[in-house]
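>
Numbering (the working numbering), first residue to last: 6 to 474.
Structural data, given as structure tokens:
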């Protein structure tokens, strides 16, 4: 049984302002029409695979579930990490889950935020690596380098084990330019992709040998895990005690049973905006554009427009990214430094580091349109069949105007329906709930008024999504 395991715990801070903590890059359609998570799921459908396992942040659980539903893929489990502990514990959770289903399960471990342009070549590489993985080798995918890249780690290939297959000699850290050039000249070094094909039982055995503390903590967390539909919740206290380490450091650099399959497939980990320029289609002047963009005499640049026209004239080798609440302008050669901007936003406690103007919730989304001292206007979209929690506010009243769909409104002891162009008033202190009983999204405009309009002014009495605040 081949089990795709998607690791969806990253934040992608170098792709700010599009990638943010509450809605990171794997949930965004950055390189195509589908999100990167959905693209990763779909590239495994050419294999004879079982239902996938997704390991993700607790806060992203409903976003993951909705994106799977959109592409009509059912997961074996959505394993919710209470806290981030890097890739070795994440893969351990998936392996422990998989061996309960099938002791001979093979795990195809894939970060959910990578781009692969040649899916056929990727599927062929998986097929080449499978016999060795079935024999107990821990296989990693080494990408054929196209340049002396200093932003990737490298894999030193050992003895040949077959066509495009090698023993794993060693991992090496990100090199300087001269060392990277020397690696390319030898022909024995590949980029470290962070993708793996390994037997679940073999990985557990090697983890127990080289990182027993990680295995013990993950075993305890999974033994005490709770399950709610597809959601698997490892015990939070046990998992929080787990050492944090990558699969490379914890296992692959120490095992004597590693292997490498060479992969030439147009791969990118999309670690910065320049990587998206690399994989995008470009015009005759080398510009890549997404969204509403107008250019005059520009060269070699990347432009991303999310909500309005972006116009540029006479610029070269820039990255310009526009969202509803932030604009990034960077030298294309310095986009790795965007992380410093994100760190400064954290120091200033700015909401833009985590939230977009449109915020996704299990029931749908809301978007702040106008904010002032005593009032706020929001656009609220409730997905078909979903409902908000039964709640109350201490400091604000609300007016709801339906612009599309049908709303079921609860206000204290009254329950009534609102159609398009109808409205209602929710007084301060009243228990209330909004639901969408229809088959199309419910869209409404909410006007809040009061002395305090923060999202933490919510007292929940009943919530089908298990939220307490």
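Using N, Cα and C, we set each Cβ at its ideal position, and we do this for glycine too.
From the DSSP output, in three-state form, read off residue 107 for me.
Reading the chain shown from its first residue, position 102 is the one you call residue 107. Correct three-state label for residue 107: coil.
> What is the rounded straight-line gap between the Cα of residue 5 and the Cα of residue 415?
No statement about residue 5 is possible, as the shown extent of the chain runs from 6 to 474 and does not include it.
> With distances taken from CA atoms, which of 294, 22 and 193 is nearest residue 303?
Within the chain shown, numbered from 1, the residue matching residue 303 stands at position 298. It is 294 whose Cα lies nearest to the Cα of residue 303.
> CA-CA distance, residue 264 and residue 393?
Taking the chain shown and counting its residues from 1, the one referred to as residue 264 is at position 259. Taking the chain shown and counting its residues from 1, the one referred to as residue 393 is at position 388. Distance between the alpha carbons of residue 264 and residue 393 is about 50 Å.
> Could you round the C-beta distance between residue 31 and residue 93 to whole angstroms and report it? I think they count as a contact, below 8 Å.
Numbered from its first residue, the chain shown carries residue 31 at position 26. Numbered from its first residue, the chain shown carries residue 93 at position 88. Their Cβ separation, rounded to whole angstroms, is 19 Å, which puts residue 31 and residue 93 out of contact at 8 Å.
> Pull up the CB-CB distance for residue 235 and residue 80, whole angstroms please, since I reckon it's below 8 Å.
Sequence index remark: in the chain shown, residue 235 carries index 230 (1-based). Sequence index remark: in the chain shown, residue 80 carries index 75 (1-based). That belief holds up - the Cβ atoms of residue 235 and residue 80 are roughly 5 Å apart, short of 8 Å.
> Are the CB atoms of residue 333 and residue 27 nearer to each other than 8 Å?
The residue you call residue 333 lines up with position 328 of the chain shown. The residue you call residue 27 lines up with position 22 of the chain shown. In this structure, residue 27 does not lie closer than 8 Å to residue 333 by Cβ.
> Could you check where the alpha helix (DSSP H) with residue 270 kicks off and where it finishes?
Along the chain shown, read from residue 1 onward, the residue named residue 270 stands at position 265. Note, residue 270: premise wrong, no alpha helix (DSSP H); not H, not E.
> Roughly how far, in whole angstroms, is the beta-carbon of residue 14 from the beta-carbon of residue 100, given that I think they are within contact range, below 8 Å?
Translated into positions along the chain shown, residue 14 becomes position 9. Translated into positions along the chain shown, residue 100 becomes position 95. That pair is no contact at about 16 Å.
> Taking the straight line between their C-alpha atoms, what separation do you get for residue 474 and residue 463?
One-based indexing of the chain shown puts residue 474 at position 469. One-based indexing of the chain shown puts residue 463 at position 458. Because the pLDDT at residue 474 is just 48, under 50, the model does not fix this residue reliably, and the value given afterwards should be weighed accordingly. Residue 474 and residue 463: Cα-Cα distance of roughly 7 Å.
> Have a look at the DSSP bridge pairing and note the partners of residue 165.
Numbered from 1 along the chain shown, position 160 holds the residue referred to as residue 165. Answer is 171, bridged to residue 165.
> Ends of the beta strand (DSSP E) at residue 401?
One-based indexing of the chain shown puts residue 401 at position 396. Residue 401 -> beta strand (DSSP E) spans 401-409.
> Can you tell me whether DSSP reads residue 396 as helix, strand or coil?
On the chain shown, position 391 is the one that residue 396 refers to. Strand.
> If we call anything under 8 Å between Cβ atoms a contact, is residue 268 one with residue 146?
Numbered from 1 along the chain shown, position 263 holds the residue referred to as residue 268. Numbered from 1 along the chain shown, position 141 holds the residue referred to as residue 146. Yes. Within cutoff.
> Considering only C-alpha positions, which residue in the set 109, 445 and 331 is nearest to residue 389?
Walking along the chain shown from the start, residue 389 turns up at place 384. Comparing Cα-Cα distances from residue 389 to each of 109, 445 and 331, the minimum goes to 445.
> Would you call the CB atoms of residue 199 and residue 248 closer than 8 Å?
Here residue 199 corresponds to residue number 194 of the chain shown, with the count starting at 1. Here residue 248 corresponds to residue number 243 of the chain shown, with the count starting at 1. Not in contact: residue 199 and residue 248 (Cβ atoms no closer than 8 Å).
> Looking only at its own chain, which residues have a Cβ that is under 7 Å from the Cβ of residue 72, when we skip the five neighbours before and after it?
Here residue 72 is taken as the residue at index 67 of the chain shown, counted from 1. Excluding sequence neighbours, residue 72 sits near 32, 40, 42 and 43.
> For residue 474, does the three-state DSSP call read helix, strand or coil?
Within the chain shown, numbered from 1, the residue matching residue 474 stands at position 469. Its pLDDT being 48, under 50, residue 474 is placed unreliably in this model, and the value from its coordinates should be taken loosely. Correct three-state label for residue 474: coil.
> Measure the beta-carbon distance from residue 7 to residue 53 and round it to whole angstroms, keeping in mind my assumption that it falls under 8 Å.
Taking the first residue of the chain shown as 1, we reach residue 7 at position 2. Taking the first residue of the chain shown as 1, we reach residue 53 at position 48. Going by Cβ atoms, the distance from residue 7 to residue 53 rounds to 6 Å, so yes, they are a contact pair.
> For residue 253, which three-state DSSP category applies?
For the purposes of this step, residue 253 is identified with residue 248 of the chain shown, where counting begins at 1. Helix.
> Which residue from 120, 395 and 370 puts its Cα closest to that of residue 280?
Start at 1 with the first residue of the chain shown, and residue 280 comes out as number 275. Residue 120 is the option with its Cα nearest to residue 280.
> To which residues of the same chain is residue 271 closer than 6 Å at the C-beta, ignoring the five residues directly before and after it?
Mapped onto the chain shown, residue 271 falls at position 266. Within the same chain, residue 271 has close Cβ partners 122 and 123.
> Residues in its own chain within less than 7 Å of residue 287 by CB, not counting five upstream and five downstream?
The residue labelled residue 287 in the question sits at position 282 within the chain shown. Cβ neighbours of residue 287 beyond the five flanking positions: 293.
> Between residue 306 and residue 324, how many whole angstroms is the CB-CB distance? I'm expecting something under 8 Å.
As a working mapping, residue 306 is identified with position 301 in the chain shown. As a working mapping, residue 324 is identified with position 319 in the chain shown. With a Cβ gap of about 7 Å, residue 306 and residue 324 count as contacting.
> Could you pull out every residue in the same chain whose Cβ sits closer than 6 Å to the Cβ of residue 24, ignoring the five residues on either side in sequence?
Looking up residue 24 in the chain shown gives position 19. Closer than 6 Å at Cβ, skipping near neighbours: 17 and 30.
> Classify residue 469 as buried or exposed, calling it buried when 16 or more other Cβ atoms lie within 10 Å of its own Cβ.
Within the chain shown, the letter at position 464 stands for residue 469. Label assigned to residue 469: exposed.
> Would you kindly report the start and end of the unbroken beta strand (DSSP E) that includes residue 238?
For the purposes of this step, residue 238 is taken as residue 233 along the chain shown, with counting starting at 1. Taken as a continuous stretch (DSSP letters only), the beta strand (DSSP E) holding residue 238 covers 236-238.
> Give me the Cα-Cα distance between residue 405 and residue 340, rounded to the nearest whole angstrom.
Working through the chain shown from its first residue, we reach residue 405 at position 400. Working through the chain shown from its first residue, we reach residue 340 at position 335. Those two C-alpha atoms are separated by around 43 Å.
> Specify the secondary structure class of residue 465 as computed by DSSP and reduced to three states.
As a first step, residue 465 must be located in the chain shown, where it is residue number 460. Correct three-state label for residue 465: strand.
> What separation, rounded to the nearest whole angstrom, lies between the Cα atoms of residue 384 and residue 430?
Position 379 of the chain shown holds residue 384. Position 425 of the chain shown holds residue 430. About 16 Å.
> Spell out the partners DSSP gives residue 293 in its beta bridges.
Here residue 293 corresponds to residue number 288 of the chain shown, with the count starting at 1. The partner list for residue 293 (beta bridge, DSSP) reads 307.
> Under 8 Å between the Cβ atoms of residue 257 and residue 202?
As a working mapping, residue 257 is identified with position 252 in the chain shown. As a working mapping, residue 202 is identified with position 197 in the chain shown. No, the pair does not count as a contact, with Cβ atoms beyond the cut-off.
> Can you check which of these residues, 197, 127, 289 and 450, is closest to residue 49 by C-alpha distance?
Position 44 of the chain shown, counted from the first residue, corresponds to residue 49. Taking only the C-alpha atoms, the option nearest residue 49 is 127.
> For residue 439 and residue 412, what's the separation of their Cα atoms in angstroms?
What you label residue 439 is simply residue 434 of the chain shown in a count that begins at 1. What you label residue 412 is simply residue 407 of the chain shown in a count that begins at 1. Spanning the two alpha carbons is a distance of roughly 7 Å.
> Hey, how far is the Cα of residue 181 from the Cα of residue 151?
The residue labelled residue 181 in the question sits at position 176 within the chain shown. The residue labelled residue 151 in the question sits at position 146 within the chain shown. Taking the straight line joining both Cα atoms gives about 16 Å.
> Where do the ends of the alpha helix (DSSP H) carrying residue 437 lie?
As a working mapping, residue 437 is identified with position 432 in the chain shown. Where residue 437 is concerned, there is no enclosing alpha helix (DSSP H), although the beta strand (DSSP E) it sits in stretches over 437-440.
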